[in-house]
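If you count the sequence shown from 1, position 423 lands on 656 in the numbering used here, and the numbers rise without skipping. Some notes on the structure that comes next.
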Amino acid sequence: MPQFDFLIIGSGIAGLSYAAKLARHFEGNQDISIAVITKVQADETNTKYAQGGIAAVWAESDSFEKHIEDTMDAGDAINKRSVVEIVVKEGPQRIQELIDYGTRFDKEHSGEYDLAKEGGHSDHRILHYKDVTGAEIERALLEEVKRHPNIEIFTHYYAVELITQHHLGETVYRYREDIQCFGAYVLNRETGAVEKFLAKTTLVATGGIGNIYQSTTNPTIATGDGIAMVYRAKGICDNMEFIQFHPTSLFQPGKKPSFLISEAVRGFGGILKHADGSTFMEYYDDRLSLAPRDIVARAIDSEMKKRGVEHVYLDVRHCDYEKFLEHFPNITEYCLHAGIDVRKDMIPVVPAQHYMCGGIKVNEWGQTNIQFLYAVGECAATGLHGANRLASNSLLEAAVFGHRAYLSTVEHYAQAAIREEIPEWDDSGTTHPEEQVLVTEMTRELNSIMSNYVGIVRTNRRMKRAYDRLQLLHEEHEQLYRESKVSVAICELRNMITVSYLVLKMAMARRENVGLHYNLDNFK
């Protein structure tokens, strides 16, 4: 029965930065144990797929106040300003720590960092490494974490449920103030056994929910596991209706995940156009192709519906090719393999689900309403993003809140205790599911419901139809779950149905159009 001082579910920037800080704090104390579990290999995370960069006030021309106002403007001013100020002001120090861990960011010939500018930003403040910034941060953090002997990484371990008083036979109510987390039940994917991972403190850093949609830039692991587990444990979730669709994923029908054409490409000079070369962003926003993502995504969606086309184009043919290749080697190579030469061809693009601005509600230290349970990264609702995330603020948020959660954990973890009387996982009366096709078909139906009815543009009728169909899907799946032994596929679908329900319910409750929530009936 594994027992740890600290259990971390997820191995992206949020989880690994938190683990590294804990290990450094307790360096030399071999009695302290830190476990990081990840359902596939350690580097397969949302962090790895972040292309554009990480935003911070770095240039002399920039200021904290400008970054704060840009963030508030993108979030339609429903951001929690105190949190915005925390993240912006603490950000440069957290990025310096990433650099100290060995993260490389591109520099100019002068030796100064090459700061990019993206949509919604009033200054150049995006540190980046080519067009694979997230992968570079992930590499450096994994190397740092592996330096510490008291950190153990469990790959191919899948968290099934958080453990609370409920598992001791007590009734747990959603707003009960003394709910505690004692670790998690975890599926060992190699043996098929569900194991107890008991811990004094647990951090959920499980990333996003992209795979509830047909088209997403998220990796296939992004199935909302952490959010669904916390919700079932009576944790509070917030702002789930604010789903960010990236305006420019490469148009490749049926491919999942969708390949992302970074927002930095538009910052570099890329222009949105139709097949005939005409532009259209001037009809939607004075910032043209550099408008915030929600505006650009809706504009593209509107133009596609008006013209009856499946995509629009991003034109970079006028850009300096050598400099473009230097900044975006991965994008250039990928497009070339897809038959697109950016020197002479426009890039076909279409919006795809990209990021969730809400999630597990936490305070300014990453604490949930459940004692000894923290949430950091995309799965958490800190209040930073408001109704829409400003480009490249997500990696920054994860680094800042990973640090703040670490500070809080160190202060409070000694008050927690391992509960050895937690029972073993009980799967008596269940069998191995023989009909995998059921899971496949239910997943396809879920994707259709969310993409067609709870996407970029919504209506009351569409959402009511989604609710009715989702209810039937939930009932069908719950019966399958109760009768089956635990499998990743069944649990992922269960979690995706749960987070889809949360997105839908909060979208139905939102009566005004703000940021990423756009309901045509709210204009009536």
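Glycine included, every Cβ here is placed at the ideal spot set by N, Cα and C. The structure presented is a predicted model; accordingly, all values stated were derived computationally and were not measured.
query: Secondary structure of TYR391, DSSP reduced to three states; result: strand
query: Segment limits, beta strand (DSSP E) that includes ILE242; result: 236-242
query: Among ASP295, ALA461, THR424 and GLY285, the one whose alpha carbon lies nearest that of HIS389; result: THR424
query: ASN383 versus LYS313, GLU555 and ASP238, residue with shortest Cα-Cα distance; result: ASP238
query: Secondary structure of GLU334, DSSP reduced to three states; result: It should be noted that the sequence gives Tyr, not Glu, for residue 334. The answer is helix: DSSP assigns TYR334 an H, G or I state.
query: Length of the line joining the Cα atoms of PHE259 and TYR686; result: 49 Å
query: Residues near GLY635 in its chain [Cβ-Cβ closer than 6 Å; skip 5 each side]; result: ALA247, SER250, TYR251 and VAL609
query: Selection from ARG744, VAL393 and LEU331 that minimises the alpha carbon distance to ALA368; result: LEU331
query: Complete alpha helix (DSSP H) runs within the stretch 278-303 (minimum length 4 residues, chain order); result: none
query: Same chain only: Cβ atoms within 8 Å of LEU640, ignoring 5 sequence neighbours per side; result: TRP598
query: Proximal residues to ILE504 (C-beta, below 6 Å), its chain only, five neighbours per side dropped; result: SER522 and ASP548
query: Contacts around PRO562, its chain only, beta-carbon distance under 8 Å, and the 5 residues preceding and following it disregarded; result: LYS363 and ASP364
query: Cut-off 7 Å between Cβ atoms - residues of its own chain near TYR714, not counting five sequence neighbours on either side; result: ILE723 and ARG727
query: Close beta carbons around SER448, own chain, < 6 Å, minus the five adjacent residues each side; result: SER491 and ALA585
query: Anticipated Cβ contact below 8 Å, LYS488 with THR453, distance rounded; result: Their Cβ separation, rounded to whole angstroms, is 12 Å, which puts LYS488 and THR453 out of contact at 8 Å.
query: Neighbourhood of ASN746 by C-beta, 7 Å cutoff - its chain only, sequence neighbours within 5 removed; result: ASN752 and ASN755
query: Three CB pairs or more closer than 8 Å across the stretch 458-470 and the stretch 426-440; result: yes
query: For CYS612, three-class secondary structure by DSSP; result: coil
query: ARG652, DSSP secondary structure in three states; result: coil
query: Opposing strand residues paired with ASN421 [DSSP bridges]; result: TYR390
query: Residue range of the unbroken alpha helix (DSSP H) whose run includes PHE478; result: PHE478 -> not in any alpha helix (DSSP H); beta strand (DSSP E) instead, spanning 476-483.
query: Whether VAL427 touches TRP658 by CB criterion (7 Å); result: yes
query: Inter-residue CB distance, ASN621 and ARG526 (contact presumed, cutoff 8 Å); result: 7 Å
query: Span of the alpha helix (DSSP H), counted from its first residue to its last, around ILE564; result: 562-570
query: Beta bridge counterpart(s) of ASN752 as assigned by DSSP; result: ARG691
query: Buried or exposed by the 16-neighbour rule on C-beta atoms within 10 Å, applied to THR565; result: buried
query: C-beta contact flag for ARG358 and ALA288 at 7 Å; result: yes
query: Contact check, THR435 vs LEU606, beta carbons under 7 Å; result: yes
query: Proximity of ILE270 and PHE387 at Cβ, strictly below 7 Å; result: yes
query: Residue closest to GLU277, alpha-carbon to alpha-carbon, out of GLU371, ILE412, HIS354 and LEU558; result: GLU371
query: Residues bridged to GLY592 (per DSSP); result: ASP471
query: Distance between THR450 and GLN477 (C-alpha atoms, nearest Å); result: 11 Å
query: Three CB pairs or more closer than 8 Å across the stretch 465-485 and the stretch 564-582; result: yes
query: Residue burial classification, LEU431 (beta-carbon count within 10 angstroms, cutoff 16); result: buried
query: When GLY402, ILE396, LYS254 and THR404 are compared against ALA417, the one with the closest alpha-carbon; result: ILE396
query: Cβ-based neighbour list, VAL273, same chain, cut-off 8 Å, excluding 5 preceding and 5 following; result: THR388, HIS389 and ILE454
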